[in-house]
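Novice: Residues are numbered in my numbering as their position in the sequence shown, beginning at 1, plus a constant of 500.
Take a look at the following structure, please.
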Amino acid sequence: MTAQYQVHGDIAVITLDNPPVNGLGLATRQAVTDGLAKANADAAVKAIVITGAGKAFSGGADIKEFGTPKALAEPNLLSVILAVENSAKPVVAAVHSVCMGGGLELSLGAHYRIAAPGTSVALPEVKLGLIPGAGGTQRLPRVLGVEAALNLIVSGEPVKSELLAQLPGQKLFDRMAKSPESLAEEALAFAREVAGKHADGSALPLVRNLPCKHPLGDAYFQFARNMVRGMAKNFPAPAKCVDAVEAATKKKFDDGMLFEREIFINLMWTPECRALRHLFVAERAASKIADVPEDTPKREIKSVAVIGAGTMGGGISMNFLNAGIPVKMLEMKQEALDRGIATIRKNYEAQVKKGKLKQDKYEQRMALLTTTLSYDEIRDADLVIEAVFEEMGVKQKVFEQLDKTMKPGAILASNTSTLDLDKIASFTRRPQDVVGLHFFSPANVMKLLEVVRGKATAKDVLATVMALAKKIRKTAVVSGVTDGFIGNRMIEQYSRQAGFLLDEGATPQQVDRAIEKFGFAMGPFRMGDLAGNDIGWAIRKRRAVEQPELKYSATADKLCELGRFGQKTGAGWYDYQAGKRDAIPSKLVTDMIEQHRKEQGITPRKISDEEIVQRLVYSLVNEAAHILEEGIAQRASDIDMVYLTGYGFPMWRGGPMHYADQVGLFNVAEAMKRFQKNPRDDAKFWEPAPLIRKLVAEGKTFN
Ligand code: NAI
C-alpha cells in the first residue's frame, strides 16, 4: 500500500505515501484509484481529499520505474486522472511542499485545489528531454493562462504557490491555506463546503472544460518559438512544449491530449531524452559508494583549512565560504596570502558587479576567511585541503607537518592532480584520514569533484566528504588511485590522438572545429591554450622517463619550446590579441607542423571530421574501459558524470560511455580495430579493452 485511506466524518482522505516524494508508481496509482472507488461506494462520504504524506504532495513519476513496463502499466497516470475527474463526489487536491510533474498533473484532474504557501510547483519534464505527458500541457494553460503555463513548462523550473496564486484570473488554486500546518484542516473544511455546494447534483468543475486562448494568437506562439529555439540548442523538447501548448489553444481538449501523448512518446526515444534520463540516474548513482552504506557515521566539518593560496587554494576556499563554512588559508609568505585574498576579493567583486552576489553576502563570506603562516593556528580545523605545488617533495613536507599538528580525527585532503595519493598518505601516521579532493579549475565554478579513495581511506572519511560535496554543490565522483585519476587519465589519451591527427595531416583548427561541432565546449587545442600547454609538457617529460614506450606527437613539445604556452603567454596553438580570448589560426604554428611532418617523412592525408571525432571520443572510451576494469571507477555512469561536469562533454550525448552504448559497442570496437591499422598510430592502444570485447561478445552495454 503506498497511499492511506481514511474517513474523517463525511470526508474521505487519500494520502499518497511513497517516500521520499510520493512518486506515482504503480502501487500508488492503484491505491489512489482504489481509494476513489471506495469513497464513491461509501454513502457516508460526501467529498474526497487527495494529499501527500511527509515532505511532498507528489514529486511526479516514480524514478524507480523509469524505463520499466511498470511506468506505463494500468492504471497509468492518465487513467488515474480520468478516475479523479469522473468521481461522482467532488475531489479536492490539497497540495503542499512539492507538487511537480505528474503530481501537478494529478492535482489538475481534481475538481478543486487548495495549496499551502511555500509549495514548489513545477512541470520539470523538459529537464529529462520530455514534455509533460499526462495532460500538463493541456490543463495548465487553462488554469494559469498560456504565458505563465508555457514558462513553467519550457523552463521546468519551480515557482512558489503563493506567487502563482497572485496571477490575475488564475484558476490553479481555488484557495490558499493559511500555513502548511493548517492545510489538512482547511482542506477538510473546504471539501465539506464544496460537498454542500454540489449537494444539489450540480456538475463538478473540470479544468478540461475551461477555455484556452492567447490574445495574440499565432503571433505569440511565433515569438515563443523564436525565443525557445535559441535557448534549446540541441534539445528538441523545449520547442515541442510550445507546440503542445499551442495545441491546447487550437484543438479540442481530447485531441490536444492525443497530440501531447504523441509528442511525449516520440521524445522518449530521442537520443537527447535518453541522455538526459541517463544523466538523471547517473547523478544519483554517483553519490553512492558500494561498500559505504548511506548510514555510515560522518565526521563533523565545521571549519576548513587550506594550504596554499594559489590558483586552486583560492577557488577551493570560496566553495566553503559560499556554504558558510569558515576557512583559514595557510602559506609560507605573507605576500602569497595577500595575493590569494586579493584574487578571492576580485572574484567576488566581479559577481557583485554582475548583480549575482549582494554586497552584504560578499562581506559575510569574506568575514569567514582568515589567514595564517603557522600550522599551530590550523590545528583545530576539521578538514584541511592541501593545494601546494605539484611536487612530491613539497607535499611530503606539508603532510608530515599536518600529521604532527592536526587534531586527531581531522581529515587530511590533497588536491593533487597526478601524484600517488597512497604515497602522500604514507607520509602520515594516519593514512585512514587521508583522501584526495581533486577540484577542477576554476575551483569555485567547476561542478566536478573527484574524490580519490586511497588504499587506507576510512569509510567514514569517504561518507563525510561525499556529504560535504553536496553541501558545496559539487558533483562528487569516487576514483581509485591511478595516474590522473579518472578524468585526466582519459584526457591524456584524447590529447595524444589530437597530436597524432596533426602529424597525419589535420590542423589544430580543423580538429577543434570537428569536435566542437560534435558538441564539446572546446576542442583540445583551444583547451590547451586555456589551461596552459606547459602542464602537458611537464607530464610528457615525466612520461619520457617513467614510460618511454608511450609515444606522443612532438608538435606539442615544439610549441612549448617556442614559449607558446597559450593564452597566458599571448600565443599557443593559436594567436591571441591582448586582452581578448578569440583564438586566431596561427601561420607560424601551421608552418611548424608542416616542417615537423617533413622531418618525420610523413605525407599528410586528408582527414575527415568523422575520423577526428571517432578517434578523440573512442580514445576516451577505450581508456575508460580499462579504468572500469581496474576498479578505479565504480561504474560506467560515474565516468560519464566526470566528463559531463568536468570536461565539457556535450550534455545531450550523455557522456562518453553512454554515447558508446548508443553507437553500439560492436561498432566502436570495429572502429578501434580500423585505427589499429593506421601506420601513424600506436596499435597497442587501439586494441579494444578486454571489457569492450567481453561486452560485445555478450551483446551488452556499459551502462
Ligand atoms: P599555484 O602555483 O597557483 O599555487 C600553489 C600555492 O602553494 C602557491 O601560492 C605557493 O606559494 C603555495 N605553496 C607552495 N609550497 C607551499 C608550502 N610548503 N606551504 C604552504 N604553501 C605553499 O598552483 P595551483 O595551480 O593552485 O595548484 C595547486 C595544486 O592543485 C597542485 O597539486 C595541482 O596539481 C593541483 N591542481 C591544479 C589544477 C589547475 O588547473 N591549476 C587543477 C586541479 C588540481
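Where a beta carbon is used, it is the ideal one built from N, C-alpha and C, also for glycine.
#1: Would you mind reading off the limits of the beta strand (DSSP E) that contains F780?
#2: Who are the near neighbours of V951 in its chain, counting only those whose CB is closer than 6 Å to its CB and skipping five residues on each side?
#3: Can you tell which of V646, V1196, E831 has its C-alpha closest to the C-alpha of L710?
#4: What residue does the alpha helix (DSSP H) around T839 start on, and which one ends it?
#5: Could you tell me the alpha carbon to alpha carbon distance between A665 and R642, rounded to whole angstroms?
#6: Below 9 Å between beta carbons: does that hold for V532 and A687?
#7: List, from N- to C-terminal side, the beta strand (DSSP E) runs of 3 residues or more that fit wholly inside the region 956-980.
#8: Under three-state DSSP, which class holds C599?
#9: Between K897 and ligand 1, is the CB less than 8 Å from at least one heavy atom?
#10: Using a Cβ-Cβ cutoff of less than 8 Å, which residues in the same chain neighbour V494 once the five nearest sequence positions on both sides are dropped?
#11: Determine the DSSP secondary structure at Q1100, reduced to helix, strand or coil.
#12: Quick check: the Cα distance between A719 and V742, rounded to an integer number of angstroms?
#13: Say the cut is 8 Å; is the CB of A689 nearer than that to a heavy atom of ligand 1?
#14: Out of Q932, L921, N518, which one is the CA nearest neighbour of P908?
#15: In chain order, what residues of the same chain have a beta carbon less than 7 Å from the beta carbon of F1020, not counting five sequence neighbours either side?
#16: Compute every distance between the C-beta of K1041 and the non-hydrogen atoms of ligand 3, then say whether any falls below 8 Å.
#17: Checking the sheet assignment: what are the DSSP bridge partners for M1151?
#18: Between G1072 and N1033, how many whole angstroms is the CB-CB distance? I'm expecting something under 8 Å.
#19: Restricting to Cα atoms, I'd like to know which of A616, A583, E772 is closest to Q1162.
#20: Enumerate in chain order the residues of its own chain whose CB-to-CB distance from H508 is below 7 Å, with the five nearest sequence positions on each side excluded.
#21: By DSSP, does D718 sit in helix, in strand, or in coil?
#22: Under 9 Å between the Cβ atoms of F1185 and L1128?
#23: Report the CB separation of G618 from G560 in whole angstroms; it is logged as a contact under 8 Å.
#24: Taking the Cβ atom as the reference point for each residue, do F735 and L776 lie within a distance shorter than 9 Å?
#25: Quick one: what does DSSP say Y1076 is sitting in, helix, strand or coil?
#26: Going by beta-carbon coordinates alone, are P680 and I653 separated by less than 9 Å?
#27: Once DSSP output is grouped into helix, strand and coil, what is the label at M829?
#28: On the premise that Y1074 lies in contact with P1085, defined as a C-beta separation below 8 Å, what is that separation, rounded to the nearest angstrom?
#29: Check whether the region 983-996 and the region 801-810 touch, using three or more Cβ-Cβ pairs below 8 Å as the test.
#30: Going along the chain, which residues of its own chain have a beta-carbon closer than 8 Å to the beta-carbon of V781, five neighbours each way excluded?
#31: Consult DSSP for Y1052 and reduce its assignment to one of helix, strand or coil.
#32: I'd like to confirm something about F939: is its beta-carbon nearer than 8 Å to some heavy atom of ligand 1, or not?
#33: To the nearest angstrom, how far is the alpha carbon of E1187 from that of T982?
#34: State the beta-bridge partners of H938 as determined by DSSP.
#35: Can you give me the C-alpha to C-alpha distance between E762 and I1112, rounded to a whole angstrom?
#36: Going by C-alpha distance, which of A1183, F927, K1080 is nearest L1050?
Specialist: According to the structure shown:
#1: In the sequence shown, residue 780 corresponds to position 280, counting from 1. For F780, there is no enclosing beta strand (DSSP E); the residue is found in the alpha helix (DSSP H) stretching over 771-786.
#2: Here the question's residue 951 lines up with position 451 in the sequence shown. The answer, listed in chain order, is V965, A976, V978.
#3: As a working mapping, residue 710 is identified with position 210 in the sequence shown. The residue with the shortest Cα to Cα distance from L710 is V646.
#4: Sequence index remark: in the sequence shown, residue 839 carries index 339 (1-based). It is Arg, not Thr, that sits at residue 839 in the sequence shown. Unbroken alpha helix (DSSP H) run through R839: 834-853.
#5: Mapped onto the sequence shown, residue 665 falls at position 165. Mapped onto the sequence shown, residue 642 falls at position 142. Their Cα atoms are separated by approximately 14 Å.
#6: Translated into positions along the sequence shown, residue 532 becomes position 32. Translated into positions along the sequence shown, residue 687 becomes position 187. No.
#7: The region 956-980 contains these whole beta strand (DSSP E) runs: 975-979.
#8: Stepping through the sequence shown from its first residue, residue 599 is reached at position 99. Strand.
#9: For this step, residue 897 is matched to residue 397 along the sequence shown. Under cutoff, so the answer is yes.
#10: For residue 494 there is no data in the structure shown, the boundaries of the chain being 501 and 1203.
#11: Taking the sequence shown and counting its residues from 1, one reaches residue 1100 at position 600. Reduced to three states, the DSSP call for Q1100 is helix.
#12: Within the sequence shown, the letter at position 219 stands for residue 719. Within the sequence shown, the letter at position 242 stands for residue 742. Looking at the backbone, the Cα of A719 and that of V742 are separated by about 12 Å.
#13: The sequence position of residue 689 within the sequence shown is 189, counting from 1. Answer for A689: no, Cβ out of range of ligand 1.
#14: For the purposes of this step, residue 908 is taken as the residue at position 408 of the sequence shown. Of the candidates Q932, L921, N518, the one whose C-alpha sits nearest the C-alpha of P908 is Q932.
#15: Here residue 1020 refers to the residue found at position 520 of the sequence shown. Counting only residues of its own chain and dropping the five nearest sequence neighbours on each side, F1020 has a CB closer than 7 Å to the CB of G1148, F1149, P1150.
#16: The model on display carries ligand 1 but not ligand 3.
#17: Locating residue 1151 in the sequence shown gives position 651, where the first residue counts as 1. Looking at the DSSP assignment, M1151 forms no beta bridge with any residue, so it has no partner.
#18: Here the question's residue 1072 lines up with position 572 in the sequence shown. Here the question's residue 1033 lines up with position 533 in the sequence shown. Contact check for G1072 and N1033: beta-carbon distance about 6 Å, within the 8 Å limit, so the pair qualifies.
#19: Along the sequence shown, one-based indexing puts residue 1162 at 662. Closest option to Q1162, Cα to Cα, is E772.
#20: Counting from 1 along the sequence shown, the entry for residue 508 is found at position 8. These residues qualify, in order along the chain: L688.
#21: Counting from one through the sequence shown, the residue named residue 718 turns up at place 218. When DSSP states are grouped into helix, strand and coil, D718 belongs to the helix group.
#22: Here the question's residue 1185 lines up with position 685 in the sequence shown. Here the question's residue 1128 lines up with position 628 in the sequence shown. No, the Cβ-Cβ distance between F1185 and L1128 is not below 9 Å.
#23: Start at 1 with the first residue of the sequence shown, and residue 618 comes out as number 118. Start at 1 with the first residue of the sequence shown, and residue 560 comes out as number 60. Actually they do not touch by this definition, with Cβ atoms about 18 Å apart.
#24: For the purposes of this step, residue 735 is identified with residue 235 of the sequence shown, where counting begins at 1. For the purposes of this step, residue 776 is identified with residue 276 of the sequence shown, where counting begins at 1. Yes.
#25: Along the sequence shown, read from residue 1 onward, the residue named residue 1076 stands at position 576. In the three-state scheme derived from DSSP, where H, G and I count as helix and E and B as strand, Y1076 is classed as coil.
#26: Stepping through the sequence shown from its first residue, residue 680 is reached at position 180. Stepping through the sequence shown from its first residue, residue 653 is reached at position 153. The answer is no: Cβ separation not under 9 Å.
#27: On the sequence shown, residue 829 is found 329 positions in, with the first residue counted as 1. In the structure shown, M829 adopts extended strand secondary structure according to DSSP, grouped into three states.
#28: In the sequence shown, the residue the question calls residue 1085 occupies position 585. In the sequence shown, the residue the question calls residue 1074 occupies position 574. By a beta-carbon distance limit of 8 Å, P1085 contacts Y1074. Their separation comes to about 6 Å.
#29: As far as the Cβ criterion goes, the region 983-996 does not touch the region 801-810, which means the pair count is below three.
#30: Here the question's residue 781 lines up with position 281 in the sequence shown. Cβ within range, chain order: I563, F566, S1137.
#31: Working through the sequence shown from its first residue, we reach residue 1052 at position 552. Shown here, Y1052 sits in coil according to DSSP, grouped into three states, outside any helix or strand.
#32: The residue given as residue 939 occupies position 439 in the sequence shown. Yes, the Cβ of F939 comes within 8 Å of a heavy atom of ligand 1.
#33: Translated into the one-based positions of the sequence shown, residue 1187 becomes position 687. Translated into the one-based positions of the sequence shown, residue 982 becomes position 482. Between the C-alpha atoms of E1187 and T982 there is a straight-line separation of about 21 Å.
#34: Sequence index remark: in the sequence shown, residue 938 carries index 438 (1-based). Per DSSP, E950.
#35: Working through the sequence shown from its first residue, we reach residue 762 at position 262. Working through the sequence shown from its first residue, we reach residue 1112 at position 612. So the alpha carbons of these two residues sit roughly 37 Å apart.
#36: Looking up residue 1050 in the sequence shown gives position 550. Comparing Cα-Cα distances from L1050 to each of A1183, F927, K1080, the minimum goes to A1183.
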